[in-house]
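Engineer: Take a look at the following structure, please.
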Amino acid sequence: MFLVGLTGGIATGKSTVSKILSEECGCLILDADLIAREGRQFVILDLPLLFETGKLVPYASYIVVVSCSEEQQIERLMKRNTLSEKEADQRISSQMSLAEKRRQATYIIDNNADIEYTRQQVKNLHQKLKESYFHWKIRILISLGFFSVFGLFNYILKLF
5 MFLVGLTGGI ATGKSTVSKI LSEECGCLIL DADLIAREGR QFVILDLPLL
55 FETGKLVPYA SYIVVVSCSE EQQIERLMKR NTLSEKEADQ RISSQMSLAE
105 KRRQATYIID NNADIEYTRQ QVKNLHQKLK ESYFHWKIRI LISLGFFSVF
155 GLFNYILKLF
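Quick note on numbering: the sequence shown equals residues 5 to 164 in my numbering.
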């Protein structure tokens, strides 16, 4: 995957270029303006090789790793892709280990149990993301307030 940033000034034709790239060139467009207008707080990028490529790791506020036992992973891959156990093991071995991914994660979802257990973990993650987002807003407001007061204080000192 090749990540391309598309930018330009207001009314320069970014949407036109995006439309051509999407409709005529087959590119997937993630329109940040559209996402913002929809009122979405979070964008989740489902990237199986996030760590292996390393390109987007610095831009992720949270890194969520979905994990399961090696046996479960092999069994699921064999069933999904109709592979032999050896083929499944080779494919899994070609990627960074789940243990290493877990070490680098901000949050881990253990997907060894039933769907309800997984669903509850996802809902817990979402709550944690909402709380982090709220704290981020508060930190910005506090910082703005602090720097405003500091700036005002500095201005008053310069008057005297």
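Glycine included, C-beta positions come from ideal geometry on N, C-alpha and C.
Since this is a predicted model, take the numbers as computed values, not measurements.
Taking the straight line between their C-alpha atoms, what separation do you get for GLN124 and ALA15?
Structural biologist: Those two C-alpha atoms are separated by around 44 Å.
Engineer: Alpha helix (DSSP H) containing ILE78: first to last residue?
Structural biologist: Per DSSP, ILE78 belongs to the alpha helix (DSSP H) from 74-85.
Engineer: Can you tell which of SER71, LYS59 and LEU32 has its C-alpha closest to the C-alpha of ASN116?
Structural biologist: Nearest of SER71, LYS59 and LEU32 to ASN116, Cα basis: SER71.
Engineer: What is the rounded straight-line gap between the Cα of GLU74 and the Cα of GLY17?
Structural biologist: Cα-Cα distance, rounded: 49 Å.
Engineer: Runs of 4 residues minimum, wholly inside the region 91-124: which ones carry the alpha helix (DSSP H) assignment?
Structural biologist: Qualifying alpha helix (DSSP H) stretches, in chain order: 102-108.
Engineer: Going along the chain, which residues of its own chain have a beta-carbon closer than 8 Å to the beta-carbon of ILE96, five neighbours each way excluded?
Structural biologist: Counting only Cβ-Cβ distances below 8 Å, and skipping sequence neighbours, we find GLU74, GLN77, ILE78 and LEU81.
Engineer: Between which residues of its own chain and SER26 is the CB-CB distance below 8 Å, once the five residues before and five after are set aside?
Structural biologist: Excluding residues within five positions, the ones whose Cβ falls inside 8 Å are LEU32 and ILE33.
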